[in-house]
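Peer 1: Numbering (the working numbering), first residue to last: 6 to 227. Using N, Cα and C, we set each Cβ at its ideal position, and we do this for glycine too. Below you will find the structure I want to go over with you.
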Ligand SMILES: C[S@@+](CC[C@H](N)C(=O)[O-])C[C@H]1O[C@@H](n2cnc3c(N)ncnc32)[C@H](O)[C@@H]1O
């Protein structure tokens, strides 16, 4: 990875995603985590302060970027819960099947190279009945906005190191075989002119209990 992806982008990301409108959503998402927890796309560790030591037995985090891992070091040292940082990527998680009760993914499905592969891994490492908690900006339900998202995504992928504005993450989660109730897209007014182009969803999907039928055919990723 180059200088921009490993040095400048992690710094930029910390500044742009420390917005209170994001912090409050991270807090609400992570507060639901319990038991043995895995977080993928840990970044610089912005979610870490929000894990509840009374609910989380152990947290494992996976982040492929060395630059992000460097920035996460101070937060890891001050973690409120026992934590292991493991090198790797969501497409090939280095864990046995059915290892975790909760999997957290915060603003990361937009950036992974192969969402169906990542979601298959998420499902594999979660126990039956386990929960997949995610917060993402997604493809808009509004066709006009979605066209703009598609136009701007090539630029966004360069600026934000692989991030897609036009990814339908809820559909991808369902296609991976999770149970997911209808999700509401939120337009965050604090994001100003960009707000309609980054509608947010926050949701808890469930792995069907043991014995349920397998995943539906995977949808193509954008
Ligand atoms: C927009 S950042 C979000 C970071 C953090 N979750 C947060 O809320 O600030 C996306 C993160 O996903 C990571 N990422 C990219 N591809 C990934 C993959 N295939 N598997 C796991 N993480 C990945 C990036 O390195 C980056 O740290």
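Just the Cα atoms here: how many angstroms apart are residue 107 and residue 63?
Peer 2: For the purposes of this step, residue 107 is taken as the residue at position 102 of the chain shown. For the purposes of this step, residue 63 is taken as the residue at position 58 of the chain shown. Rounded to the nearest angstrom, the two C-alpha atoms are 11 Å apart.
Peer 1: Give the straight-line distance between the Cα atoms of residue 158 and residue 197, rounded to the nearest whole angstrom.
Peer 2: As a position in the chain shown, residue 158 is number 153, starting the count at 1. As a position in the chain shown, residue 197 is number 192, starting the count at 1. Cα to Cα, residue 158 sits roughly 18 Å from residue 197.
Peer 1: Quick check on the DSSP output: what are the complete alpha helix (DSSP H) runs of length 4 or more inside the region 78-136, in order along the chain?
Peer 2: 120-130
Peer 1: Go ahead and label residue 15 buried or exposed: buried means 16 or more other beta carbons lie within 10 angstroms of its beta carbon, across all protein chains shown.
Peer 2: Looking up residue 15 in the chain shown gives position 10. With 16 or more other Cβ atoms within 10 Å, it is buried.
Peer 1: Give every residue of the same chain whose Cβ lies closer than 8 Å to the Cβ of residue 126, excluding the five residues on either side of it in the sequence, and list them in chain order.
Peer 2: Here residue 126 corresponds to residue number 121 of the chain shown, with the count starting at 1. Same-chain partners within the cutoff: 95, 96, 97 and 98.
Peer 1: Using DSSP with H/G/I as helix, E/B as strand and the rest coil, what is residue 139?
Peer 2: The sequence position of residue 139 within the chain shown is 134, counting from 1. Residue 139: strand per DSSP, three-state reduction.
Peer 1: On a CA-only basis, which of 135, 91 and 26 is nearest residue 41? Give me that one, please.
Peer 2: Within the chain shown, the letter at position 36 stands for residue 41. Cα-wise, what sits closest to residue 41 is 135.
Peer 1: In three-state DSSP terms, what is residue 13?
Peer 2: Here the question's residue 13 lines up with position 8 in the chain shown. It is helical.
Peer 1: Quick check: the Cα distance between residue 212 and residue 178, rounded to an integer number of angstroms?
Peer 2: Along the chain shown, one-based indexing puts residue 212 at 207. Along the chain shown, one-based indexing puts residue 178 at 173. If you take the alpha carbons of residue 212 and residue 178, they lie about 10 Å apart.
Peer 1: Once you ignore the five residues that flank residue 67 on each side, which residues in its own chain have a CB closer than 6 Å to its CB?
Peer 2: Translated into positions along the chain shown, residue 67 becomes position 62. Once the five neighbours on either side are set aside, the close Cβ partners of residue 67 are 45, 91 and 93.
Peer 1: Short of 6 Å in beta carbon distance, which residues of its chain neighbour residue 10, apart from the five on each side in sequence? Order them along the chain.
Peer 2: Counting from 1 along the chain shown, the entry for residue 10 is found at position 5. The residues are 166.
Peer 1: With a threshold of 7 Å, establish whether the CB of residue 22 neighbours any heavy atom of ligand 1.
Peer 2: Taking the chain shown and counting its residues from 1, one reaches residue 22 at position 17. It does: the Cβ of residue 22 is within 7 Å (strictly closer) of some heavy atom of ligand 1.
Peer 1: I think residue 104 touches residue 143, with their Cβ atoms under 8 Å apart; what is that distance to the nearest whole Å?
Peer 2: As a working note, residue 104 is residue 99 in the chain shown. As a working note, residue 143 is residue 138 in the chain shown. Incorrect: roughly 27 Å between the Cβ atoms, too far for contact.
Peer 1: Could you compute how far the alpha carbon of residue 154 sits from the alpha carbon of residue 78?
Peer 2: By 1-based counting over the chain shown, the position of residue 154 is 149. By 1-based counting over the chain shown, the position of residue 78 is 73. Residue 154 and residue 78: Cα-Cα distance of roughly 34 Å.
Peer 1: Ordered along the chain, which non-local residues of its own chain (more than five positions away) have a Cβ less than 6 Å from that of residue 53?
Peer 2: As a working mapping, residue 53 is identified with position 48 in the chain shown. Around residue 53: 80 and 84.
Peer 1: Give me whichever residues DSSP pairs with residue 63 in a beta bridge.
Peer 2: Within the chain shown, numbered from 1, the residue matching residue 63 stands at position 58. 41.
Peer 1: Counting C-beta neighbours from all protein chains within 10 Å, is the total for residue 169 16 or more, i.e. buried, or is it exposed?
Peer 2: Locating residue 169 in the chain shown gives position 164, counting from the first residue. So residue 169 counts as buried.
Peer 1: Can you determine whether any heavy atom of ligand 1 sits closer than 7 Å to the C-beta of residue 52, and answer yes or no?
Peer 2: Your numbering for residue 52 matches position 47 in the chain shown. Residue 52 Cβ: within cutoff of ligand 1.
Peer 1: Go through its chain and collect everything with a Cβ distance to residue 271's Cβ below 6 Å, but skip five positions before and after it.
Peer 2: Lying outside 6 to 227, the shown extent of the chain, residue 271 is not represented and no answer is given.
Peer 1: What are the uninterrupted segments assigned as alpha helix (DSSP H) that are 4 or more residues long and contained completely in the region 137-173, given in chain order?
Peer 2: 148-164
Peer 1: Keeping to the same chain, check which residues put their C-beta closer than 7 Å to that of residue 71; ignore five residues upstream and five downstream.
Peer 2: Stepping through the chain shown from its first residue, residue 71 is reached at position 66. Result list for residue 71: 11, in chain order.
Peer 1: If I'm right that residue 140 touches residue 111 with Cβ under 8 Å, what's the distance once you round it to whole angstroms?
Peer 2: Position 135 of the chain shown, counted from the first residue, corresponds to residue 140. Position 106 of the chain shown, counted from the first residue, corresponds to residue 111. Between residue 111 and residue 140 the Cβ distance is about 5 Å, and since that is below 8 Å, they are a contact.
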